[in-house]
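If you read the protein sequences in the order shown, they are chains A and B. Using this note's numbering, you'd call the opening residue of the first sequence number 20 and step up by one each time. Using this note's numbering, you'd call the opening residue of the second sequence number 20 and step up by one each time. Ideal placement from N, C-alpha and C gives every residue a C-beta, glycine not left out. The structure displayed is predicted, hence computed values, not measured ones. Worksheet: the structure to be examined is printed underneath.
Number of protein chains: 2
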Amino acid sequence: MKSKAFTAAFAVLLAGCATVDVPPAASAAAPSMSGGERAAPDTMRWLYGSGEAAGASIQAWRQLADYAVSVSRQRKMPESVPLGLPDVEGGIAAPSCVAADGKVKPFAAVFDVDETVLLNTGYEYWQAYSGKPFVAEEWEQWAKGGTGIAAPVPGAVAGLARLREAGITVIFNTNRNSDTAAGTAAAINAAGAGPAVHLENLFLRGDDAMGSRKDGRRATIASKYCVIVLAGDNLGDFADVFNNPDLGIQERRAMVANGDLADLWGAGWFVIPNSAYGAWQKGTIDEVFPPNARWMPSEDGAPAIMNESE
Amino acid sequence: MKSKAFTAAFAVLLAGCATVDVPPAASAAAPSMSGGERAAPDTMRWLYGSGEAAGASIQAWRQLADYAVSVSRQRKMPESVPLGLPDVEGGIAAPSCVAADGKVKPFAAVFDVDETVLLNTGYEYWQAYSGKPFVAEEWEQWAKGGTGIAAPVPGAVAGLARLREAGITVIFNTNRNSDTAAGTAAAINAAGAGPAVHLENLFLRGDDAMGSRKDGRRATIASKYCVIVLAGDNLGDFADVFNNPDLGIQERRAMVANGDLADLWGAGWFVIPNSAYGAWQKGTIDEVFPPNARWMPSEDGAPAIMNESE
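Right under this line is the structure:
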């Protein structure tokens, strides 16, 4: 068992931090002898340690599988869910589910990978333990070598099995680099979420010229499939327009919390909650809490300072 | 408009932190003139600022309303969802939906309030701005006076309306203190999530002798209603057994991620994701990441250190 053998080796490494038996690599990298005894960040406690997050992802996976199976059984002309696509006005459109030859395209559900299908506990542990920020080279090592350590997101294995049983093609669209394709496919397969085959049902950053923007890959997928489900932990898994750097915090939230797009949550678009990292990691206190959301206590015990102006 | 008047007064207070016009309460409490310009904690960025969290709560509210409406229409003898109840073996049971007089009890859906129905942006803003930990007296002021500032969780107003239209009674079971009942009901009503009436469909800590344990209140509710939905942001909103202090991090998670209880997520039990605070806020790095979830990079660029033992 690869992961068990590793576990034993790793336990020795950790225990060895206080001794002379530490291999050079580990002693150079480990910041202190008690790194693992420090408090974990709340963002990781919730996602990787809590029953609350496990329940949230199980219910989201149940919801998306229920939805997709139900749509796949409808006796009417299939329609695509709206997708982020390049060169489309507004950045989002629902492409036709009829191919150029007049045939109806097969159904597909399109998933992000990290913190949507796989939990990157190994890499996140290393970030917490080392206290380091994101280091691209370390992430690359993890993406190539994390097979068997990365666990499935709770609910994902059962959900993916239900989709495949219903004849819906499962497609992965990730921003891992395309040179990690073999490791990424191996990690997905080892977690019980496969099969994943590069350029068949696994698309990565570098597969086209659009970098981390996923709209081009979505267009490639939609040219062959009728996409009835999009799922991810970041808004960029749904459309690139949400990654516009000019969007303010509240503006970005309002785009998907109000209006037509809000109706897609739970009905074609599905979020897997990820409190650990993401495109939402920005904003000052004032930006996160707009003026009408602010409050402070009064020191004289009056109900609230706002009552002064009533 | 109460909140607008407050907003203006508050903006003056904030702006005034650098001047002599600051009322004593504010100048004593504000830690610096630029408190709101500091980075918000990621836990709050996700929950209160992100489109991802808005989408996650909208989809969860859709899912629970779909589920409850569907169950309420079934032409069969109604069954309660399993609930945490006092003096029951294992701590969780599904009470009968038939009353002592032989009549079928009316349907109810039971909700926690904070970060399930209401977003406590006002109080959380104050915590972020002041840098203070939880202060019971401040929370009490907020619970009594936050009316009109606390916004509904995205999706909650529409979801609650659908339940009420289907004839399902909406009940709130919160650990706010019972002496905040008037303010809590007012906040729920102002957010569009009401009506909430104390001891009719609003139950608080102090309504019985069980303190913050909700099992007794659940039993009181279940004596009159057939509970088909439980929803909350903490496992204690489902059963008190999850708050056993002897439970390890992984043990608590496994209780709801594996086995029979896991099947309830999205099918009677519904989590509203809350990354900002909760009973899950404990645990070291080692506790959150068990040995088989750990990984570290190797410095020589080999795929991963674990391969040494293959």
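- With fewer than 16 other beta carbons inside 10 angstroms of its own, residue 120/A counts as exposed.
- Residue 154/B is bridged by DSSP to nothing; it lacks a bridge partner.
- Taking CB atoms only, residue 111/B has no neighbour in chain A less than 8 Å away.
- Residues 202 of the same chain have their beta carbon placed closer than 7 Å to that of residue 164/B, with the five preceding and five following residues left out of the count.
- Annotation: residue 115/A to residue 98/A spans about 7 Å, alpha carbon to alpha carbon.
- Judged by DSSP in its simplified three-state form, residue 251/B adopts strand.
- Residue pairing from DSSP places residue 171/B in a beta bridge opposite 137/B.
- Contacts between residue 148/A and chain B, judged by CB atoms closer than 7 Å, involve 304 in chain order.
- Contacts with chain A at 8 Å (Cβ-Cβ) include residue 253/B.
- Going by C-alpha positions, residue 139/A is about 41 Å away from residue 93/B.
- Residue 224/B and residue 71/A have their C-alpha atoms some 22 Å from each other.
- The alpha-carbon separation between residue 158/A and residue 263/A amounts to approximately 25 Å.
- If you draw a 10 Å sphere on the C-beta of residue 152/A, you find fewer than 16 other C-beta atoms in it, and that means exposed.
- Counting C-beta pairs with one atom in each stretch, the stretch 302–316 of chain A and the stretch 268–280 of chain A have three or more that are closer than 8 Å, which means they touch.
- When Cβ-Cβ separations below 8 Å define contact, residue 193/B makes no contact with chain A.
- Taking 4 residues as the shortest admissible run, the stretch 242–321 of chain B contains the following complete alpha helix (DSSP H) segments, listed from N- to C-terminal end: 268–276 and 304–307.
- In this structure, DSSP gives residue 166/B a state outside helix and strand, which the three-state scheme calls coil.
- DSSP places residue 218/B outside both helix and strand once states are collapsed to three, so it counts as coil.
- A straight-line Cα-Cα distance of about 29 Å links residue 222/A and residue 276/B.
- For residue 256/B, same chain residues with a beta-carbon under 6 Å away, outside a window of 5 residues either side, are 131 in chain order.
- Less than 8 Å divides the Cβ of residue 220/B from the Cβ of residue 189/B.
- Think of a sphere of 9 Å around the beta carbon of residue 264/B: no beta carbon from chain A falls inside it, the nearest being about 15 Å out.
- For residue 197/B, none of the residues of chain A pass the 7 Å Cβ criterion, the least Cβ distance being about 17 Å.
- The Cβ atoms of residue 128/A and residue 187/A lie closer than 8 Å to each other.
- DSSP places residue 187/A outside both helix and strand once states are collapsed to three, so it counts as coil.
- In this structure, residue 291/B lies away from residue 156/B, with their beta-carbon atoms at least 8 Å apart.
- The beta carbon of residue 155/B sits no closer than 8 Å to any beta carbon of chain A.
- Close partners of residue 69/B in chain A (Cβ separation under 7 Å): 272 and 299.
- The beta carbon of residue 238/B sits closer than 7 Å to the beta carbons of 104 and 105 from its chain, once the five residues preceding and following it are set aside; these are given in chain order.
- Around the beta carbon of residue 150/A, a 10 Å sphere encloses fewer than 16 other beta carbons of the protein chains shown; the residue is thus reported as exposed.
- In this structure, residue 171/A keeps its C-beta atom at 8 Å or more from the C-beta atom of residue 213/A.
- The C-beta separation of residue 246/A from residue 110/A comes to about 16 Å, leaving the pair out of contact by the 8 Å criterion.
- Residue 129/A: member of the beta strand (DSSP E) spanning 126–130, first to last residue.
- Per DSSP, residue 113/A lies in no alpha helix (DSSP H) segment and is marked neither H nor E.
- Using a CB distance cut-off of 8 Å, residue 56/A counts as an interface residue toward chain B.
- Of the residues assessed, residue 63/B falls on the buried side of the cut-off, its CB having 16 or more other CB atoms within 10 angstroms.
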